[in-house]
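Colleague:
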Amino acid sequence: VVEDTPASQPAALKLDSGCVLLLKAIDADTGKGVPGVSFWYEMDDPKGGRTGVQANTTYISHPKTNDKGELRAVVIPGKRHYGIGWSPLPEGYQVVDPADQSKGRELTCPAAKQVTVEFRVRKAVK
Numbered sequence: 003v004v005e006d007t008p009a010s011q012p013a014a015l016k017l018d019s020g021c022v023l024l025l026k027a028i029d030a031d032t033g034k035g036v037p038g039v040s041f042w043y044e045m046d047d048p049k050g051g052r053t054g055v056q057a058n059t060t061y062i063s064h065p066k067t068n069d070k071g072e073l074r075a076v077v078i079p080g081k082r083h084y085g086i087g088w089s090p091l092p093e094g095y096q097v098v099d100p101a102d103q104s105k106g107r108e109l110t111c112p113a114a115k116q117v118t119v120e121f122r123v124r125k126a127v128k
């Protein structure tokens, strides 16, 4: 409620806390981060549906890992599966553990906390 006076009035704004999720794509052979990797998560509704991890809960930007192999996202707290490779992996790379791409990992993302998870990839043998 805004009153006619005074000109300045305090306001309280309640926001739900998210969880900062730091997803990393690491080259298993070199230990370096791999840029250009996307991730997916299993949606709560419809149950079992998947979509790409976004940087936050309000804007779709289709982010990928940066030069350090990191993707930072603010996610809704809760327990759900996250996996690597929503978009194709960068050319020449494959996941070390195929389950990371097919089934994903069940992660618990607590409100107002940070969770860091590493997924390993490597260059395919020619």
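Its first residue numbered 3, the sequence shown is counted upward by one per residue in our numbering. Idealized CB from N, CA, C, for every residue including glycine. Predicted model only: the values in this text are computed from it and were never measured.
1) Among the residues of its own chain, which have a CB less than 7 Å from the CB of E5, if the five just before and after it don't count?
2) Report yes if the CB atom of Y84 is closer than 9 Å to the CB atom of V119, and no otherwise.
3) Pull up the distance between the alpha-carbon of G106 and that of T53, whole angstroms please.
4) So if DSSP puts I86 in a beta bridge, which residue, or which two residues, is it bridged to?
5) Mind checking if Y61 is an interface residue toward chain D, Cβ cutoff 9 Å exclusive?
6) Measuring only the C-alpha atoms, how far is L59 from Q103?
7) According to DSSP, which residues form a beta bridge with K34?
8) On the CB-based measure, 16 or more other CB atoms within 10 Å of its CB, does L17 come out buried or exposed?
9) For the alpha helix (DSSP H) holding D102, just list the boundary residues, first then last.
10) According to DSSP, is I28 part of a helix, a strand, or is it coil?
11) Taking the continuous beta strand (DSSP E) assigned at K125, which residues delimit it?
12) Just the Cα atoms here: how many angstroms apart are G87 and W42?
Modeller: In brief:
1) Looking up residue 5 in the sequence shown gives position 3. So the list reads Q11, once near-sequence residues are dropped.
2) On the sequence shown, position 82 is the one that residue 84 refers to. On the sequence shown, position 117 is the one that residue 119 refers to. Yes, the Cβ-Cβ distance between Y84 and V119 is below 9 Å.
3) For this step, residue 106 is matched to residue 104 along the sequence shown. For this step, residue 53 is matched to residue 51 along the sequence shown. If I take the Cα positions, the gap works out to 12 Å.
4) Taking the first residue of the sequence shown as position 1, residue 86 is located at position 84. Listed as beta-bridge partners of I86 by DSSP are F41.
5) No chain D appears in the structure shown, which is made up of a single protein chain.
6) As a first step, residue 59 must be located in the sequence shown, where it is residue number 57. As a first step, residue 103 must be located in the sequence shown, where it is residue number 101. Residue 59 is actually Thr in this sequence, not Leu. Using only the alpha carbons, I get a separation of about 22 Å.
7) Position 32 of the sequence shown, counted from the first residue, corresponds to residue 34. Paired residue(s): none; K34 is not in a bridge.
8) If you number the sequence shown from 1, residue 17 lands on position 15. Here L17 is exposed, its C-beta having fewer than 16 other C-beta atoms within 10 Å.
9) Counting from one through the sequence shown, the residue named residue 102 turns up at place 100. For D102, the enclosing alpha helix (DSSP H) has its first and last residue at A101 to S104.
10) Along the sequence shown, one-based indexing puts residue 28 at 26. Note: I28 maps to strand in three-state DSSP.
11) Translated into positions along the sequence shown, residue 125 becomes position 123. Here the beta strand (DSSP E) through K125 covers Q116 to K125.
12) By one-based count along the sequence shown, residue 87 stands at place 85. By one-based count along the sequence shown, residue 42 stands at place 40. Distance from the CA atom of G87 to the CA atom of W42, rounded to whole angstroms, is 7 Å.
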